[in-house]
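Enquirer:
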Amino acid sequence: MIRKEFARVLGLQGKKEKIDIAVVGGKIITQRDSRRVKLWISPLNGNESYPVEAHEMDHTIINVPVLDRTWLKSFYHLSDIEFPHHTGPVELILGVQYIHLHAESEFRQGLPFQPVGEKTKLGWHVIGPDNAKESIASYLNFAKKIDLERFYDFETLGIRAPDCICPQEIMSRDGKKAVELFESSGDRLDGRFVIVLPWKKDPTQLPNNYLLANV
Numbered sequence: 549m550i551r552k553e554f555a556r557v558l559g560l561q562g563k564k565e566k567i568d569i570a571v572v573g574g575k576i577i578t579q580r581d582s583r584r585v586k587l588w589i590s591p592l593n594g595n596e597s598y599p600v601e602a603h604e605m606d607h608t609i610i611n612v613p614v615l616d617r618t619w620l621k622s623f624y625h626l627s628d629i630e631f632p633h634h635t636g637p638v639e640l641i642l643g644v645q646y647i648h649l650h651a652e653s654e655f656r657q658g659l660p661f662q663p664v665g666e667k668t669k670l671g672w673h674v675i676g677p678d679n680a681k682e683s684i685a686s687y688l689n690f691a692k693k694i695d696l697e698r699f700y701d702f703e704t705l706g707i708r709a710p711d712c713i714c715p716q717e718i719m720s721r722d723g724k725k726a727v728e729l730f731e732s733s734g735d736r737l738d739g740r741f742v743i744v745l746p747w748k749k750d751p752t753q754l755p756n757n758y759l760l761a762n763v
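Heads up: the sequence shown runs through residues 549 to 763, numbered per the working numbering.
This is the structure:
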């Protein structure tokens with residue numbers, strides 16, 4: 549890929565084509581009037597040139613960061629390397645079809661977590677962390693371990709757990725009576741659990757419907 553404005557400055561010509569570019573995150577960028585251009589590239593301190601074919605795109609999204617050359621030279625394995633980078637927009641992106649230009653011919657590595665230098669047919673480049681200071685934010689969550697079985701027991705019965713820091717709920721007289729009946733009547737009969745349910749009214753006050761049941 550080549551930045552469209554950069555291709556115009558170089559005076560490159562080519563046939564217009566519609567292309568779709570898949571980027572990180574599954575997003576598709578469509579270029580409807582991208583020209584396919586041809587050019588030659590070479591390292592800044594070299595005489596050999598290499599042919600490249602690229603499609604134009606409006607922008608290359610990322611910029612070349614500023615290199616702290618003084619900081620890089622503080623590492624022994626990089627102290628004798630001159631990195632010719634300039635900050636600004638990325639003008640040209642080489643794909644995997646140009647792997648022969650990406651292949652490293654020399655590799656400089658220091659201690660773990662230090663930047664490394666790689667030399668390719670297009671010159672030296674550096675990979676790794678920079679000397680920017682980053683603030684580290686730490687987050688800590690506290691979770692109280694509870695017995696879920698006890699929690700659901702209390703939730704079902706409607707009573708307050710002894711170690712629960714929560715507002716006291718007042719149970720009605722009928723509610724207390726229903727809980728007492730529930731706790732005292734539980735029994736197992738013929739392999740089944742039998743629990744007495746409270747009556748809405750006192751059974752002695754209910755009308756005699758025996759005659760209606762026999763009709």
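Ideal Cβ positions, reconstructed from N, Cα and C, are used throughout, including at glycine.
Hey, I567 and A602 are a contact pair by Cβ (cut 8 Å); roughly how many whole angstroms apart?
Expert: Residue mapping note: residue 567 aligns to position 19 of the sequence shown, counting from 1. Residue mapping note: residue 602 aligns to position 54 of the sequence shown, counting from 1. The Cβ separation is near 11 Å, so there is no contact.
Enquirer: Please state whether DSSP places W619 in a helix, a strand or coil.
Expert: As a first step, residue 619 must be located in the sequence shown, where it is residue number 71. Correct three-state label for W619: helix.
Enquirer: In chain order, which continuous runs of the alpha helix (DSSP H) of length 4 or greater are located wholly inside the segment 569-611?
Expert: Complete alpha helix (DSSP H) runs here, min 4: none at all.
Enquirer: With burial defined as no fewer than 16 other Cβ atoms inside 10 Å of the residue's Cβ, what is the status of V585: buried or exposed?
Expert: On the sequence shown, position 37 is the one that residue 585 refers to. Classification of V585: buried, given that the 10 Å Cβ count is 16 or more.
Enquirer: Decide if the segment 621-637 is in contact with the segment 568-581; the criterion is three or more beta carbon pairs, one per stretch, under 8 Å apart.
Expert: The segment 621-637 is not in contact with the segment 568-581.
Enquirer: For P677, name the three-state secondary structure that DSSP assigns.
Expert: Counting from 1 along the sequence shown, the entry for residue 677 is found at position 129. Coil.
Enquirer: Note down the Cα distance separating V638 from E604, rounded to an integer number of angstroms.
Expert: Translated into the one-based positions of the sequence shown, residue 638 becomes position 90. Translated into the one-based positions of the sequence shown, residue 604 becomes position 56. Computed Cα separation, rounded: 13 Å.
Enquirer: Reducing DSSP to helix, strand and coil, say where V614 ends up.
Expert: To locate residue 614, count along the sequence shown from 1; it is residue 66. Of the three classes helix, strand and coil, the one that applies to V614 here is coil, per DSSP.
Enquirer: Would a C-beta distance cut-off of 9 Å place P663 and I647 closer than the cut-off?
Expert: Stepping through the sequence shown from its first residue, residue 663 is reached at position 115. Stepping through the sequence shown from its first residue, residue 647 is reached at position 99. Not a contact, by the Cβ cut-off of 9 Å.
Enquirer: Assuming the contact rule is C-beta atoms closer than 8 Å, V612 and T578 should be a hit. Round their C-beta distance to whole Å, please.
Expert: In the sequence shown, counting from the first residue as 1, residue 612 sits at position 64. In the sequence shown, counting from the first residue as 1, residue 578 sits at position 30. About 25 Å; that fails the 8 Å criterion.
Enquirer: Express the C-alpha separation of F730 and F741 in angstroms, rounding to a whole number.
Expert: For this step, residue 741 is matched to residue 193 along the sequence shown. For this step, residue 730 is matched to residue 182 along the sequence shown. Spanning the two alpha carbons is a distance of roughly 12 Å.
Enquirer: Can you tell me the Cα-Cα spacing of S720 and L754, whole angstroms?
Expert: Indexing the sequence shown from 1 puts residue 720 at position 172. Indexing the sequence shown from 1 puts residue 754 at position 206. Their backbone Cα atoms lie some 23 Å apart in a straight line.
Enquirer: State the CB to CB distance for the pair T498 and L640, rounded to an integer number of angstroms; the pair is presumed to be in contact (CB under 8 Å).
Expert: Nothing about residue 498 can be reported from this structure: the residues present for the chain run from 549 to 763 only.
Enquirer: Give the secondary structure of F730 by DSSP, where H, G and I count as helix, E and B as strand, and everything else as coil.
Expert: Against the sequence shown, residue 730 aligns to sequence position 182. DSSP places F730 in helix when its eight states are reduced to three.
Enquirer: Count the other C-beta atoms from every protein chain shown that fall within 10 angstroms of the C-beta of A651, then say buried if there are 16 or more, exposed otherwise.
Expert: Residue mapping note: residue 651 aligns to position 103 of the sequence shown, counting from 1. Per the 10 Å Cβ criterion, exposed.
Enquirer: So the alpha helix (DSSP H) E654 belongs to, where does it begin and stop?
Expert: Mapped onto the sequence shown, residue 654 falls at position 106. Where E654 is concerned, there is no enclosing alpha helix (DSSP H), although the beta strand (DSSP E) it sits in stretches over E654 to R656.
Enquirer: Out of curiosity, what's the CA-to-CA distance linking L620 and K563?
Expert: Against the sequence shown, residue 620 aligns to sequence position 72. Against the sequence shown, residue 563 aligns to sequence position 15. Their Cα atoms are separated by approximately 43 Å.
Enquirer: Please state the DSSP three-state secondary structure of G636.
Expert: Numbered from 1 along the sequence shown, position 88 holds the residue referred to as residue 636. In this structure, G636 counts as strand in the three-state DSSP scheme.
Enquirer: I believe I548 touches W672 by the beta-carbon criterion, under 8 Å. Please report the beta-carbon distance rounded to the nearest angstrom.
Expert: Residue 548 is absent from the model: the chain starts at 549 and stops at 763.
Enquirer: Which whole-angstrom value describes the C-beta separation of L558 and L587, a residue pair presumed to lie in contact below a C-beta threshold of 8 Å?
Expert: For the purposes of this step, residue 558 is taken as residue 10 along the sequence shown, with counting starting at 1. For the purposes of this step, residue 587 is taken as residue 39 along the sequence shown, with counting starting at 1. Their Cβ separation, rounded to whole angstroms, is 7 Å, which keeps L558 and L587 in contact under 8 Å.
Enquirer: Would you give the residue range spanned by the beta strand (DSSP E) that E666 belongs to?
Expert: Residue 666 sits at position 118 when you count from the first residue of the sequence shown. Unbroken beta strand (DSSP E) run through E666: V664 to T668.
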